[in-house]
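Let me begin by presenting the structure, written as structure tokens, before commenting on it.
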Amino acid sequence: MRIGIDIGILSVGSSTLSSGFLLEIIRNLAAASPNDEFYLFGIGRQIVQPFTEKNIVEKKIGTSIKSPVYWRWRQNIKLPLALRKEKIDVLISIGGAMVSNNIPQCLLYWDNWDQHLMPVADKSFISFFKKNIIRSLSNAEVVVVPDNATQLRIQQEYSVGADKIICLPPVASKQDQQFSDDVINTVKKEFTKGKEYFVAAGDVLAEELVFLLKAFSVFKKRMQTSMKMVIASKNIAEDLSFSEKLNSYKYRDDVVLFSGPDGLKLAELVASAYAMIHPSAYFSFFNPVLIALQHKVPAICFESLQSGVFSGYNLLTVQNDNYNDLAEKMMLIYRDENLRNSMKANEVDFTSEFTMDNVVQKLREAIYMAAASTRK
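When the letters of the sequence shown are read in order and numbered with numbering that gives the first Met the number 0, they come out as residues 0 to 375.
Shown next as structure tokens:
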């Protein structure tokens, strides 16, 4: 089978942990499907680590996203032509399917893109994405989402049938991976000079970082503690406005920015933390939460993203627009040792569900489900 993958949306904004995870899934999918051919349709230079798999072919369509008109031209004219030229059997579209196309489509609806692009995009892009997401969800034979909360939202807001939605679980670090006290102490010395810290790990918007700092200010003022805050996110280094705000922040010396969290380093950073915060109400990259559960680290996340994946686990949730609520939850973990111990007692089965093999298998099912449909 010839499988096309449109990764153009990954060029919108900055590099994220989520986009890296999606590219990792593609690599593993290709490795697990040696008899299939994968054609990646991107925009200009965007893959940091070039694909080396023999059954992956990269194709560039366009050089940048200049405007909604340019994006529409790429999606509805240039990309369909390229798909026909390469005789693609099924298309995996990340972020937005084409409006008109005869090839079966599997839409990866990730990170609530129609929501989190709104605060940062100009009005023309906002209008385009609002109109296009409805067509995209309707056009796709299968919609793949990262969690049950996203599934419920698109069912309610866009009337997408449950029978065409498949959830991909997050992926834990290596199942047998544990870190010694020496490793944990080394990580603390590297990032916080040996001090305990909260880690906010994951993709995040600039306004959400400000929200996080406000909560940390309340926590520091009331607790009078030497606790640090480590913000680990790939897309923070490019945000100049946040850097300016941070420079004048009262507790600047207690905040550590780390823009390169990935793989082993991300796992070490989360596993060594006093508690972990999922910092975004938009981004659904839950791998850091899973790492926290795996390594007995208390975790906090926004209630809007309290995924069904983690139902039954002892997590604290906070209101999306209430930084005082986040501060209260941080103080609760800090003051209540019994609560902290109960949160550390979460038992998670990492042997089957939260593995890359399971993610690849579910995505293969989605691809074949889409390919089995017949378009008129």
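Just so you know, even glycine gets a beta-carbon here, dropped at the ideal spot from N, CA and C.
Beta-carbon contacts of residue i that lie in its chain and below 7 Å, excluding the five residues immediately before and after
i: Phe353; result: Pro168, Pro169, Val170, Ala171 and Leu289
i: Lys84; result: none
i: Pro249; result: Reading off the sequence, residue 249 comes out as Lys, not Pro. These residues qualify, in order along the chain: Ser216.
i: Met213; result: Per the sequence shown, the amino acid found at residue 213 is Lys instead of Met. Result list for Lys213: Tyr322, in chain order.
i: Ser17; result: Trp109, Asp110, Asp202, Phe282 and Phe284
i: Leu338; result: Leu331 and Ile332
Reduced DSSP category for residue i - H, G, I as helix; E, B as strand; rest coil
i: Val186; result: helix
i: Thr149; result: helix
i: Gln223; result: coil
i: Met117; result: Because Met117 sits at a pLDDT of 49, beneath the cut-off of 50, its placement in the model cannot be relied upon, and the following sentence gives the value as read from the coordinates. Three-state result, Met117: coil.
i: Ala369; result: helix
i: Leu82; result: helix
i: Lys59; result: strand
i: Gln360; result: helix
i: Ile87; result: coil
i: Glu36; result: strand
i: Thr316; result: strand
i: Phe50; result: coil
i: Ser18; result: helix
i: Phe127; result: helix
i: Ser92; result: strand
i: Phe210; result: helix
i: Phe301; result: strand
i: Asn101; result: coil
i: Glu352; result: coil
i: Lys192; result: coil
i: Ala344; result: coil
i: Val217; result: helix
i: Ala30; result: helix
i: Ala161; result: helix
i: Leu155; result: Going by the sequence as given, residue 155 is Gln instead of Leu. Here Gln155 sits in helix by DSSP.
i: Ser135; result: helix
i: Leu338; result: helix
i: Leu171; result: Per the sequence shown, the amino acid found at residue 171 is Ala instead of Leu. Coil at Ala171, not helix or strand.
Own chain, CB closer than 8 Å to residue i, minus 5 neighbours either side, in chain order
i: Ala379; result: Examination of residue 379 is not possible in this model, given that the chain is present from 0 through 375 alone.
i: Leu268; result: Val186, Phe190, Val198, Ala200, Val229, Ala231, Phe257 and Pro260
i: Val359; result: Ile24, Asn27, Leu28 and Ala31
Where the beta strand (DSSP E) containing residue i begins and where it ends
i: Arg1; result: Arg1 to Asp5
i: Val141; result: Val141 to Val144
i: Ala200; result: Tyr196 to Ala200
i: Leu107; result: Gln104 to Leu107
i: Ile377; result: Because the chain here runs from 0 to 375, residue 377 falls outside it and cannot be looked at.
i: Ile165; result: Ile164 to Cys166
heavy atom of the ligand NAD below 7 Å from residue i C-beta
i: Ser372; result: This structure simply doesn't include the ligand NAD, nor any ligand for that matter.
Extent of the continuous alpha helix (DSSP H) to which residue i belongs
i: Ile332; result: Tyr322 to Arg334
i: Val68; result: Pro67 to Trp72
Cβ-based neighbour list, residue i, same chain, cut-off 6 Å, excluding 5 preceding and 5 following
i: His294; result: Ala270
i: Val56; result: Tyr38
i: Ser247; result: none
i: Ile6; result: Leu39, Gly41 and Ile93
i: Phe127; result: Pro67
C-beta neighbour in chain D for residue i, strict 8 Å
i: Leu136; result: Annotation note: the requested chain D is absent from the structure, which comprises a single protein chain.
Entirely enclosed beta strand (DSSP E) segments - the segment 220-299, minimum 3 residues: Secondary structure within the segment 220-299: the beta strand (DSSP E) runs of 3 or more consecutive residues, fully enclosed, are 227-231, 254-257 and 274-276 (chain order).
Take every Cβ of the segment 73-88, pair it with every Cβ of the segment 18-33, and state whether three or more of those distances are shorter than 8 Å. Not touching, per the Cβ criterion.
Within 8 Å, do at least three Cβ pairs link the segment 137-151 to the segment 182-189? They do not touch, by the three-pair rule.
Tell me, please, whether the segment 147-158 touches the segment 329-347 by the rule of three or more beta-carbon pairs shorter than 8 Å. Result no; under three Cβ-Cβ pairs closer than 8 Å.
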